[in-house]
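Trainee: Have a look at the structure that comes next, please.
Number of protein chains: 4
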Amino acid sequence: MSANTFGHLFRFTTFGESHGSAIGCVVDGTPPGIPLTEADIQVHMDKRRPGQSKYTTQRKEPDTVKILSGVFEGVTTGAPIGLLVENQDTRSKDYDEIKDRFRPGHADFTYARKYGVRDYRGGGRSSARETAMRVAAGAIARKVLENILGEDVSIRGALVKIGDTAINRNNWDWAEVDNNPFFSPDADSVPAFEAILDKVRKDGSSIGAVVEVIASGIPAGLGAPIYAKLDADLAGALMGIPAVKGVEIGAGFDAAMLSGEENADEMRMDGDDVTFLSNNAGGILGGISTGQDIVASFAVKPTSSILKPKRSVDATGHDVEVSTKGRHDPCVGIRAVPIGEAMVACVLADHLLRHRAQCG
Amino acid sequence: MSANTFGHLFRFTTFGESHGSAIGCVVDGTPPGIPLTEADIQVHMDKRRPGQSKYTTQRKEPDTVKILSGVFEGVTTGAPIGLLVENQDTRSKDYDEIKDRFRPGHADFTYARKYGVRDYRGGGRSSARETAMRVAAGAIARKVLENILGEDVSIRGALVKIGDTAINRNNWDWAEVDNNPFFSPDADSVPAFEAILDKVRKDGSSIGAVVEVIASGIPAGLGAPIYAKLDADLAGALMGIPAVKGVEIGAGFDAAMLSGEENADEMRMDGDDVTFLSNNAGGILGGISTGQDIVASFAVKPTSSILKPKRSVDATGHDVEVSTKGRHDPCVGIRAVPIGEAMVACVLADHLLRHRAQCG
Amino acid sequence: MSANTFGHLFRFTTFGESHGSAIGCVVDGTPPGIPLTEADIQVHMDKRRPGQSKYTTQRKEPDTVKILSGVFEGVTTGAPIGLLVENQDTRSKDYDEIKDRFRPGHADFTYARKYGVRDYRGGGRSSARETAMRVAAGAIARKVLENILGEDVSIRGALVKIGDTAINRNNWDWAEVDNNPFFSPDADSVPAFEAILDKVRKDGSSIGAVVEVIASGIPAGLGAPIYAKLDADLAGALMGIPAVKGVEIGAGFDAAMLSGEENADEMRMDGDDVTFLSNNAGGILGGISTGQDIVASFAVKPTSSILKPKRSVDATGHDVEVSTKGRHDPCVGIRAVPIGEAMVACVLADHLLRHRAQCG
Amino acid sequence: MSANTFGHLFRFTTFGESHGSAIGCVVDGTPPGIPLTEADIQVHMDKRRPGQSKYTTQRKEPDTVKILSGVFEGVTTGAPIGLLVENQDTRSKDYDEIKDRFRPGHADFTYARKYGVRDYRGGGRSSARETAMRVAAGAIARKVLENILGEDVSIRGALVKIGDTAINRNNWDWAEVDNNPFFSPDADSVPAFEAILDKVRKDGSSIGAVVEVIASGIPAGLGAPIYAKLDADLAGALMGIPAVKGVEIGAGFDAAMLSGEENADEMRMDGDDVTFLSNNAGGILGGISTGQDIVASFAVKPTSSILKPKRSVDATGHDVEVSTKGRHDPCVGIRAVPIGEAMVACVLADHLLRHRAQCG
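Top to bottom, those sequences are chains A, R, P and S. Residue 5 in numbering that gives the first Met the number 0 sits at position 6 of the first sequence; the count goes up by one each step and never skips. Residue 137 in numbering that gives the first Met the number 0 sits at position 138 of the second sequence; the count goes up by one each step and never skips. Residue 193 in numbering that gives the first Met the number 0 sits at position 194 of the third sequence; the count goes up by one each step and never skips. Residue 184 in numbering that gives the first Met the number 0 sits at position 185 of the fourth sequence; the count goes up by one each step and never skips.
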């Protein structure tokens, strides 16, 4: 219900603005007795952290996360986990110029219309800086999943397309994802991605991307039809990441072009286990996990904050031109990879607890 | 939270199985004083109703909706509105054969894994028959929107693609949508769609489709960031329709291929009003409506229930072949049009009430 | 959130007015595989049913409950359980006289102020007739508790006071509760209660009462601090019963008069079990069950609908006198006994599922 | 749903333990444009703050609240308001002795049973220290109420009874409440209360109390029947305050002893306004406010942490004696006054926003 809370049984509530003193969140519903340290969270924060390559924003934020509550002697107690990250490198005066001007494609205009007042510094509450707390919550969600389901659970994301350049899926190697600044699973794609980003930066422009997240080791049975379907919740979670404009589960829009016999994933027994001969469903049927890999992908639009001047209006009703000078990611899709992973982890942890509630 | 409740302030809860005695829902949160009759709901029910053309299932259901509460002397009272539709044409013995066999691509397997027991007749709770109640709730949502925002609000859907055959968008004419059995806005597309469907039926197969829903007359300011964004809620609502595998807002996946200057919708003053020079955003920025048309589309996979035999397994762990003999839609995407409209209406009504709560 | 939904994981949503065609509810979250028949519910409905003695309303309602969904071949499926009770003996013209007059002590005035319109027939939505569905939901909640915790769980209520006449607690005998029309556990109290009620009826008046509900066999650990404490949820559930004005847990207001050493329930080991030497806490500490009996009591005000004329105002702003001629309970506290039991059962079932979610 | 979140549209989520580094909360749903400073909150924090008289705990906590987000240039923005209070005077070693011993009447035993692990220092999450954040949230709730309803709204609490000594209601003077360390509205009661507390402290004991909260200036129409009744929500909110065992609205348990004609509050026109000739209802009928003062009272049990030794058990299953040596309030009912006010304010703010949503 709350605009700033995600999830139901495993849930988190975030607060904070881009240029405020701190951002934070409260993670609630975590089962007791799970080992958890700040380092467990920090490793994921560091993936999303800005300023790590020339292809992301140059804002320097250590994004050091502090656990304020809910963990005692190294394990969760079942009490809410308060997390805090102090903002360090805020250059609010970069934004004076756009105080009264609405950047096209940005939330400036809609926040002004909705609320009347807004913290314009760095986008205020609408800034993607808030997503740091999603990554933190996602790290705890992973711990919950691993604690209950075992260490075989993995939730991994990768960048599969920048602009119109896609990776070669035959080269997919998870080990490569952390070896390049794009989270690409295809080593061969890296030079092309570098070339695109170099050009985009030089042009003062930006570019869109597609991210794919795969969750393995998730048992059959998670998901709660009719209105808390696993795929519906994933779609909502991923579409809610800043700049996302499309979400697919499994074959996605391609499924619309298939016949019934092409699309349906056939099943066979493999000893006592059921195996599927394909995964067009992306691991979800009727809103419930099948036990296959859960596969979701999402489209990230290009950053709206660009140097190139664009026509817009200001708060007093005059036509203006807007050129954004702050420090921005030329391709927000890159840093969306750890965010996408985190949101998938949170949805799965939430559904795992729901499943325990109803089905024991 | 509840698996069978949709929405927050404008919300509905459904119950009922495909072959039970009745399906129904409770619509809650409706403002008082809104004129409402059964006919207001029935007109939308009739669009989704089965058996209306040879391109949908031949099950005969009048789908007559009855208002049991919440309306007094022709207007809503603010009390919950109970709605009931009796099932008439249930031929449960069609399903005896698949009682213990999991139809590939269907929820049979996942319901069995999750719940242990299931009403297999006609898919039970997982049947798309439940969507009749979404259409009913959507009809009330429209009344709420019109009552508060005025008669200019419209929420309309259309089928824009079957298999790999798309309509010609230049021919788009809303008046055509109700003139053909496909809800196509392009009269010229009808012969091609007929040919595809005729072939699919003859083959005992099925085919996927893409549906687009457009909401006009929605003011700027609806939507509640960060975790109740309008686009995120639309994505969840549409992905939750049976057989949907992908959702796009505005330019959707195409946005991932654009540069920042191509994608950002520029603004100009038009007298005292702000106008946008394009609508790649699909009417939503930062999770909040811009005042432009809200544009959402979704991909519907082909019906999993097909005559063609497919490999599967049964409840006792044996390999089997499954061929579904019941009466099924060869293209569930067609009847998804009024369902998509209904879900968009419900999301918007919910957000309208939320907006009134916080912003007056 | 919803005004017409109670509970979270085990939850129900009701609809219907006193003189509408039917009342009903949807029970959601029930675990699958629990044996359930209409008779399991009817036995509890019959306790609350009107017209059973001269001490309750003479309205004749069989209150026959029908299960519309969620049960297949005698067991719950995990799908929502739709329940319907048709209204039979509605004499709406009894109410024409109070159509525009606000009965003192009744919700007439506040509904008119809140909603502008209201179904005045028999109190419409504010009628205690709605509580029939709480009893139905409570019957299912009992099944959930028994299924998970075992047959030793019992949730029993009793009338302990009418006006200023209390039972003698030394005579408490659960077996007596169903042997008299007052649900009194003290057989010796019956003549006094009869005398009070006879006088009240003769006077065209009404009288208040106190009800106590005791849940036995509930293990330690249920309850979710800080804002979903078991006692807080019980207090909300019981205060929400029509006409209730006070709620106590354990020693209740008497605890305010005790010293710390008098109030604290001491503990001793009894073999491997912990036993408490008293139960001032009413079985709840820190919002979590201790394993002792859970004890809650609530005060029910006298029926506001009385024959004796009272000063009031009408909808057009004039002073009037109101005398209510319909068929009313002279002591609504009596029929509040099965309702109180039902609400306690629902709260406990909800918390049991919550506990499973977080603590396994 | 969340155990650590209170409210629906106006809601807050708290975190933190008694002896952790900080406690905090996130207040969500606040309308934009409301002037708010840290001083607005601090004035209420200071009322609840420990160590202010010899009749409350001697723990020294400045309880300085810091606003981390949601306020920009002195007004709320509609974004979540993050609040933080650092813990200063934590003497955790006071608690080593009770690390494995369950204090009778305290949540030690139930937390251990529910969660398996617990932060025993100062009661950890179960400590009343958490209520500091309720007071902070309540201060913001007051601002919301005043901003929408006007300055005439007031929510005031008073201590009306300690042990078996009650105030004289004829002496009630709100101006006296802040003139004595008991929040008593009756100046004449102060010497008696001092005598009781002095004796209790000397004895190493504690004593219970009754608190009354009155909200004035609340219009008719707030409250959402059937399951979000204003009185039910108040009952839940007040019963959820640590150590509370009973809640009454208006005449409360006394209403159970009245006849219908004694209890029903008669109405008369006073010009265009409706006036009530009494207020047994405590300002609420059918779960909806009448426009009269809203009157709620609650019973607070004596502090469980006392010096006097009591029989108990330890975590390893042995009989022990427990004497609590920490710094504790001899009468927690005193500091419950500002907490009760805060909870009433939060419930009313929540219902005000709900009412705007449904009824405009």
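Beta carbons: idealized from backbone N, C-alpha and C, even for Gly. Fair warning: this is a prediction, and the values are worked out from it, not measured in the lab.
Only counting the same chain, and skipping five residues up and downstream in sequence, which positions put a Cβ closer than 6 Å to that of Thr56/S?
Mentor: Closer than 6 Å at the Cβ level, and outside the excluded window around Thr56/S, lie Pro49, Arg326, His327, Asp328.
Trainee: Would the stretch 217 to 233 of chain P count as touching the stretch 282 to 294 of chain P if we require 3 or more Cβ pairs under 8 Å?
Mentor: Touching, yes.
Trainee: Which runs of the alpha helix (DSSP H) spanning at least 4 residues fall entirely within the stretch 124 to 160 of chain P, listed in chain order?
Mentor: Complete alpha helix (DSSP H) runs here, min 4: 130 to 148.
Trainee: Within the chosen definition, does the stretch 261 to 278 of chain S reach the stretch 97 to 109 of chain P through at least 3 CB pairs nearer than 8 Å?
Mentor: Counting Cβ pairs under 8 Å, three or more are found: they touch.
Trainee: Note down the Cα distance separating Gly149/A from Ala348/A, rounded to an integer number of angstroms.
Mentor: If I take the Cα positions, the gap works out to 13 Å.
Trainee: Taking DSSP as the reference, what is the three-state secondary structure of Lys46/S?
Mentor: Here Lys46/S sits in helix by DSSP.
Trainee: Given that Ala348/R touches chain S, what residues does it touch there, using C-beta distances under 9 Å?
Mentor: Those do not exist, as Ala348/R stays about 11 Å from chain S at its closest Cβ, beyond 9 Å.
Trainee: If you follow the alpha helix (DSSP H) that Phe108/A is part of, which residue opens it and which one closes it?
Mentor: Element bounds for Phe108/A: 107 to 114.
Trainee: Cβ atoms of Cys24/R and Thr13/R: under 7 Å apart, would you say?
Mentor: Contact: yes.
Trainee: Is Pro103/R close to chain A? Criterion is C-beta to C-beta, closer than 7 Å.
Mentor: So yes, Pro103/R belongs to the interface.
Trainee: Alpha carbon to alpha carbon, what distance is there between Gly235/R and Pro34/R?
Mentor: Near 30 Å, if we compare the C-alpha coordinates of Gly235/R and Pro34/R.
Trainee: Spatial neighbours of Glu16/A within its chain, please: C-beta separation below 6 Å, excluding the five flanking residues on both sides.
Mentor: Cβ neighbours of Glu16/A beyond the five flanking positions: Asp118, Gly123, Arg124.
Trainee: Determine the DSSP secondary structure at Ile217/S, reduced to helix, strand or coil.
Mentor: Three-state result, Ile217/S: coil.
Trainee: Which two residues bound the contiguous beta strand (DSSP E) that contains Leu83/R?
Mentor: 80 to 85 is the span of the beta strand (DSSP E), which, as asked, contains Leu83/R.
Trainee: Can the beta-carbon of Val273/A be found less than 7 Å from the beta-carbon of Val134/R?
Mentor: For Val273/A and Val134/R, no; Cβs fall outside 7 Å.
Trainee: May I ask you to verify whether the stretch 190 to 201 of chain A touches the stretch 62 to 72 of chain A, counting CB pairs closer than 8 Å and requiring at least 3?
Mentor: The stretch 190 to 201 of chain A, when compared against the stretch 62 to 72 of chain A, does not touch it at the 8 Å Cβ threshold.
Trainee: Closer than 8 Å by beta-carbon distance: list the chain R residues that pair up with Cys358/S, in chain order.
Mentor: In chain order: Pro30, Pro31, Gly77.
Trainee: Out of Ala38/A, Pro31/A, Gly251/A, Arg112/A, which one is the CA nearest neighbour of Thr315/A?
Mentor: Per the Cα distances, Arg112/A.
Trainee: Taking Met266/P as part of the beta strand (DSSP E), name the residues at either end of that continuous run.
Mentor: Element bounds for Met266/P: 266 to 269.
Trainee: Please decide whether Ser17/S counts as near chain A, where near means a Cβ-Cβ distance under 7 Å.
Mentor: Not one chain A Cβ lies under 7 Å of Ser17/S.
Trainee: Grouping DSSP H, G and I as helix and E and B as strand, with all else coil, what is Leu284/R?
Mentor: Looking at Leu284/R - three-state DSSP - the assignment turns out to be strand.
Trainee: Quick check for students: name the residue ranges of the beta strand (DSSP E) that lie wholly in the stretch 217 to 253 of chain R, counting only runs of 3 or more.
Mentor: Runs found: 243 to 248.
Trainee: Could you check whether Pro30/P and Val116/R sit closer than 7 Å to each other, using their CB atoms as the reference points?
Mentor: No.
Trainee: I think Val246/S touches Gly282/P, with their Cβ atoms under 8 Å apart; what is that distance to the nearest whole Å?
Mentor: Actually they do not touch by this definition, with Cβ atoms about 17 Å apart.
Trainee: Within 7 Å (strictly less), CB to CB, does Gly137/P reach chain R?
Mentor: No, no contact with chain R.
Trainee: So is Arg117/A in contact with chain P if we call contact Cβ pairs under 7 Å?
Mentor: So, not an interface residue.
Trainee: Have a look at Ser322/R, Gly251/R, Val209/R and flag the residue whose alpha-carbon is nearest the alpha-carbon of Lys98/R.
Mentor: Comparing Cα positions, the closest option is Ser322/R.
Trainee: With DSSP as the reference, label Asp313/R as helix, strand or coil.
Mentor: Residue state, collapsed to three classes: strand.
Trainee: Identify the contact partners of Leu352/A in chain P, using a Cβ-Cβ distance below 8 Å as the criterion.
Mentor: Within chain P, the residues near Leu352/A are Ala356, Gln357.
Trainee: Would you identify the three-state DSSP class for Asp272/R, choosing helix, strand or coil?
Mentor: Three-state result, Asp272/R: strand.
Trainee: What does the alpha-carbon distance come out to for the pair Ala242/R and Gly207/R?
Mentor: For Ala242/R and Gly207/R, the distance between alpha carbons rounds to 9 Å.
Trainee: Just grab the DSSP bridge partners of Gly73/P for me.
Mentor: DSSP lists no partner for Gly73/P.
Trainee: Kindly say whether Leu8/A, judged by its beta-carbon, lies nearer than 7 Å to any beta-carbon of chain P.
Mentor: By this cut-off, Leu8/A is an interface position.
Trainee: Report the rounded CA-to-CA distance for Arg200/S versus Lys307/S, giving the unit in angstroms.
Mentor: Computed Cα separation, rounded: 11 Å.
Trainee: Along the stretch 172 to 200 of chain R, what residues have a CB closer than 8 Å to any CB found in chain A?
Mentor: Answer in chain order: Val199.
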